[in-house]
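Taken in sequence, the protein lines are chains A and B.
Residue numbers for the first sequence follow our numbering, so the first one is 43 and each next one is one higher.
Residue numbers for the second sequence follow our numbering, so the first one is 9 and each next one is one higher.
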Amino acid sequence: MKLRSLLAGATLALLTSTAYAGDVRIMWYSDGVEGEVLADLMKRFMDKNPDIKVTIDNVAFGVIKEQLPVQLEAGHGPDIARVTALKDLSRHWLDLRPLISDAAYWDANFGAQADWMRPDGSNQISGFMTQVTLTGGFANKTLFEQAGVPLPGPDATWDDWAAASKKVADSQQIPFAMALDRSGHRITAPNIAFGANYIGADGKPAPLDKGAKDFITKFVGWTNDGVMSKDVWVSAAGQTYRAAADDFINAQLAYYYSGSWQIPNFATKIGNGFDWVATGSPCGPAACTGMPGGAGLVAVKYTKNPKDVAKVMDYLASEAVVKEFSERTLFIPAHKGILDKGDLNFKTEDPQVKAALDVFVKASKTTAPAAQKMPGWRWADTVYGALVTRVAQVIAGELPLDDAFTRIDSDVATKVKDSGL
Amino acid sequence: MTAPLETASKPSAVQHLGAIALAPVRLVMGLIDRPLRALQRMTGLSGMAIFFLAPNMLIFGIFVLLPLFINFVYSTTGGSALFLPERSYVGADQYQRLFDCSNYLDPLTCQEDAFWTAVSNTFWFVVLQVTLMIGAALVTALILNRNLAARSFWRAVFFFPVLLSPVVVGLIWRWILQRQGLLNFILYPFGVDPYTWLTDRTWSFAAAVGVSLWAHMGFYALILLAGLQAIPKDLYEAADMDGTKPARVFWRITLPLLMPNLVVVIVLALIRSVQVFDEVYILTGGGPGTSTLFITQYIYETGFVSQPRNPGLAAAASILMGLVLVVLTLVQLGLGRRGEKKGKR
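Now the structure itself:
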């Protein structure tokens with residue numbers, strides 16, 4: 043598999059290094075239907091701009107995560123890419139500010155996330171978010187109703203949800219009450235809700251504080267008690283991402299903590315199987331917060347055709363196109379103008395989807411400041427990686443919890459030292 | 009004296025076609041003949057050997073030796089940058105880091121605990137997998153060597169998994185072994201509650217060994233089968249006439265004469281199992297915890313997945329793994345030569 047991935051990467055690198063004037067290559071991954079929507083939008087763009095030929099390379103998320111960084115380090119890559127590691131790779135992004143038609147429009151509408159994707163201290167415009175996401179919970183409403191357990195209210199705590207979900211699981215004989223994706227980003231939301239702050243005074247990672255330790259201790263306890271699914275956390279080693287979405291889709295969970303990007307997935311795969319609701323993020327002692335994030339479309343500075351790239355980016359960032367893209371993909375847009383107008387008409391007949399999107403749009407307004415800082419923080423992925431690796435070892439019974447806390451701090455410190463920054 | 013009949017007769021159409029096909033070859037040979045003869049006069053026969061080997065050695069050098077050298081250089085550098093000029097020279101720091109350990113038998117006392125966990129897992133995997141592989145392949149080859157009904161069909165059945173991509177192998181077995189998988193579906197009517205085989209430390213390791221065995225056994229069985237078929241039948245006939253017991257025939261005739269093939273199989277299986285990665289990565293992802301994390305996955309994750317990446321540490325680990333493979337290859341060569349010498353005697 044490794045060899046094939048490398049060959050695929052090499053082929054892509056070769057393709058992307060042979061650009062001609064007017065050629066713009068986009069490396070794109072999809073969670074749902076967004077690849078098809080983009081293809082449709084690009085076809086319309088090329089009809090109006092016959093001198094620019096846009097090619098879309100649809101790739102797996104793994105290629106974006108593991109091969110694109112290698113290509114970029116080698117000074118190659120596509121002209122435009124859809125990525126999630128926006129800050130970490132920001133030195134490879136093209137500054138579109140002098141190339142786009144109206145930088146003020148970009149600043150006004152995408153300014154809130156601009157810092158997530160540019161080198162620290164610059165005012166560069168690297169691209170825009172194709173979607174903003176927020177972590178949050180989903181409850182299987184049908185299972186709660188069948189168990190006669192009322193759904194906890196909007197200000198319910200993590201303990202409230204755990205207790206209610208446990209009752210449902212016991213009553214309905216499902217394997218686990220709750221699940222949380224195997225992801226440092228996901229577990230950071232409840233950590234912050236419990237008062238965690240990862241960022242030290244010098245901007246570098248701080249040792250794990252009481253807030254983070256409190257939630258992790260609770261989380262490990264729940265996996266030991268069978269309240270929280272341990273399967274998803276022990277199903278891999280290292281920093282590998284694993285989602286528990288399939289368990290929720292198969293009605294094996296009463297409560298699932300993931301994020302807004304799951305909505306199109308649930309709409310397609312659950313259908314009329316059961317009723318489900320988005321719940322926002324449960325509360326901790328410090329906040330009721332989710333973690334913001336999302337995927338951004340960025341221009342790569344190694345492009346041979348920066349002017350054409352800017353034209354494509356201008357088109358994709360225009361209000362009408364962003365609105366259409368969001369409505370068809372069921373993604374929450376980053377565009378401030380569109381959000382302020384509030385006239386998004388998501389293309390779905392499913393009332394559950396509309397209700398869930400409303401919950402996430404509402405929850406995005408109460409995100410904790412500590413959570414808001416994370417997407418633009420250089421070391422976020424480093425801390426996430428250490429959290430996932432060590433907490434999974436604790437759940438698997440390999441490492442005592444206190445040792446894991448020590449290891450997380452030392453892992454992060456070593457990575458910071460390794461980076462030479 | 010009369011000329012031979014065939015030279016006297018007219019050339020056939022086939023001979024005409026042959027002559028036409030050979031014409032360009034003769035032309036090329038004619039063109040290079042003189043320069044090659046001149047070169048041979050200058051360099052002698054040994055020089056010509058070098059001349060003909062040079063293209064192959066050049067390709068080998070570019071695609072094997074040069075990357076090996078670059079890998080070694082990487083292992084002496086630090087930082088997360090990929091371009092060598094952007095990396096800082098750190099000498100043997102990466103190796104020191106890998107070997108920084110209070111007790112090598114307890115990975116948690118090591119700085120790079122994941123590396124030593126991977127080393128330990130790989131060691132036990134190699135011991136178990138190779139032992140079981142050789143046993144299973146030998147038994148399978150012995151059975152397939154008998155006069156079975158539909159023998160070719162059974163040979164194909166055992167060889168079929170070898171043709172599958174490791175990713176497919178991993179996915180098939182994951183679907184069988186996961187909580188809502190085929191195995192639990194089969195066991196449920198017998199009163200066995202659904203079990204998560206792949207998230208249990210012992211079962212997941214057993215699954216990694218078993219799946220690897222299933223995927224590769226056919227290949228080794230085929231090599232042993234070829235060895236079995238090369239054993240002269242008259243030896244068995246003589247043993248049969250002497251009334252020798254089957255077990256004695258196996259230990260005194262089959263096994264000694266199969267030994268050269270067995271040595272090849274053991275060494276190939278050893279090398280392959282040290283490199284284990286793809287099917288196990290798909291099957292268990294290295295989990296639960298780190299119970300099926302092997303060296304290749306450690307290298308891959310350190311160099312490509314972890315944030316920030318550490319290509320230097322990954323290169324150092326791969327150099328160490330390469331040394332193990334070199335030792336195994338030398339063992340294979342040594343045993344092969346010993347076998348050849350014995351054969352000549």
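Cβ coordinates follow ideal geometry from the N, Cα and C atoms, glycine included.
Just so you know, these numbers come straight off a predicted model, no measurement behind them.
Sequence-distant residues of its chain with Cβ nearer than 7 Å to residue i (five each side left out)
i	result
V117(B)	Strictly speaking, residue 117(B) in this sequence is Thr, with Val absent from that position. Closer than 7 Å at the Cβ level, and outside the excluded window around T117(B), lie C109, S110 and N111.
P19(B)	none
A189(A)	K209, V210, S213 and Q214
T145(A)	A small fix is needed here, since residue 145(A) is Ala in this sequence, not Thr. Correct list, in chain order: R139 and I167.
A412(A)	I234 and N239
T125(B)	P115, T298 and L301
Close beta carbons around residue i, own chain, < 8 Å, minus the five adjacent residues each side
i	result
M270(A)	A204, F218, A219, M220, A221, L222, F261 and W264
D202(A)	P194 and P324
E14(B)	Here the model assigns E14(B) a pLDDT of 48, short of 50, so the residue's position is not dependable, and the following value carries that caveat. Around E14(B): no qualifying Cβ.
L25(B)	none
G55(B)	L47 and Q48
L56(A)	Because the pLDDT of L56(A) is 49, which lies under 50, any placement of that residue in the model is unreliable, and the number read from its coordinates should be weighed accordingly. Nothing meets the Cβ criterion.
Nearest-angstrom Cα separation, counted from residue j out to residue i
i	j	result
P324(A)	I216(A)	22 Å
L48(A)	A293(A)	A caution first: L48(A) carries a pLDDT of 47, below 50, which makes its placement in the model unreliable, though a value can still be read off. For L48(A) and A293(A), the distance between alpha carbons rounds to 37 Å.
L76(B)	Y240(A)	40 Å
Y297(A)	V176(B)	32 Å
R95(B)	A455(A)	19 Å
A216(B)	Y306(B)	16 Å
L150(B)	V134(B)	24 Å
L171(B)	N269(B)	21 Å
G462(A)	V433(A)	26 Å
W132(B)	G344(B)	26 Å
S160(B)	E287(B)	27 Å
S212(B)	G199(B)	22 Å
C48(B)	L39(B)	Looking at the sequence provided, one finds Gln at residue 48(B) rather than Cys. Using only the alpha carbons, I get a separation of about 15 Å.
N182(A)	A89(B)	45 Å
A31(B)	A102(A)	52 Å
L114(A)	V354(A)	20 Å
F464(A)	L92(B)	Since the first residue shown for chain A is 43 and the last is 463, residue 464(A) is missing from the structure and cannot be characterised.
V96(A)	S302(A)	29 Å
L250(A)	D256(A)	10 Å
Y203(B)	S326(B)	36 Å
S59(A)	L441(A)	Residue placement at S59(A) is poorly supported in this model, since its pLDDT is 47, which falls under 50; the coordinates are not used for a value here.
Q6(A)	S225(A)	The structure shown does not extend to residue 6(A), since chain A spans only 43 to 463, so no value can be given for it.
D157(A)	A322(B)	32 Å
P306(A)	R105(B)	46 Å
Residues bridged to residue i [DSSP beta-bridge criterion]
i	result
R124(A)	L339(A)
Q340(B)	Per DSSP, none; premise fails for Q340(B).
T85(B)	Y97(B)
G297(B)	None; G297(B) has no bridge partner.
R284(A)	R224(A)
S164(A)	In DSSP, S164(A) forms no bridge with anything.
S300(A)	G178(A)
F170(A)	L339(A)
Below-8 Å beta-carbon distance, residue i vs any chain E residue
i	result
L206(B)	No chain E is present in this structure, whose protein chains are A and B.
Neighbourhood of residue i by C-beta, 6 Å cutoff - its chain only, sequence neighbours within 5 removed
i	result
P63(B)	none
D121(B)	P115
G86(B)	S96, V98 and G320
T207(B)	P296
F180(A)	Y298, W318 and A320
T10(B)	Low local confidence applies: a pLDDT of 45 at T10(B) is under 50, so the model's placement there is unreliable, with the coordinate-based value given in what follows. Hits under 6 Å: none found.
A438(A)	V276
S207(A)	A219, M220, A296 and Y297
So, do the stretch 242–252 of chain B and the stretch 289–301 of chain B have three or more beta carbon pairs nearer to each other than 8 Å? no
Quick test of the definition: if touching needs 3 or more C-beta pairs under 8 Å, does the stretch 314–323 of chain B touch the stretch 236–248 of chain B? The stretch 314–323 of chain B makes no contact with the stretch 236–248 of chain B: fewer than 3 CB pairs, one atom from each, lie closer than 8 Å.
Counting beta carbon pairs with one atom in the stretch 304–323 of chain A and one in the stretch 61–76 of chain A, are three or more of them shorter than 8 Å? yes
Going residue by residue through the stretch 342–403 of chain A, where are the continuous beta strand (DSSP E) segments of at least 3 residues, counting only ones entirely within it? none
Can we say the stretch 161–181 of chain A touches the stretch 116–133 of chain A, given the rule of at least three CB pairs closer than 8 Å? yes
Complete runs of the alpha helix (DSSP H) confined to the stretch 57–142 of chain A [at least 4 residues]: 76–90 and 110–115
The stretch 124–144 of chain B contacting the stretch 266–274 of chain B, beta-carbon criterion three pairs below 8 Å: yes
So within the stretch 176–221 of chain A, which uninterrupted alpha helix (DSSP H) runs reach at least 4 residues, ignoring any that extend past its ends? 183–189 and 200–214
Is the stretch 380–390 of chain A close to the stretch 410–418 of chain A, with three or more CB pairs under 8 Å? no
If we count Cβ pairs, one from each stretch, closer than 8 Å, do we get three or more for the stretch 153–171 of chain B versus the stretch 224–242 of chain B? yes
The stretch 420–431 of chain A in contact with the stretch 275–288 of chain A per 3-pair CB rule at 8 Å: yes
Below 8 Å, can you find three or more Cβ-Cβ pairs linking the stretch 173–184 of chain A to the stretch 327–338 of chain A? yes
Within the stretch 302–335 of chain A, note down every full alpha helix (DSSP H) run reaching 4 residues or more, in order along the chain. 304–311
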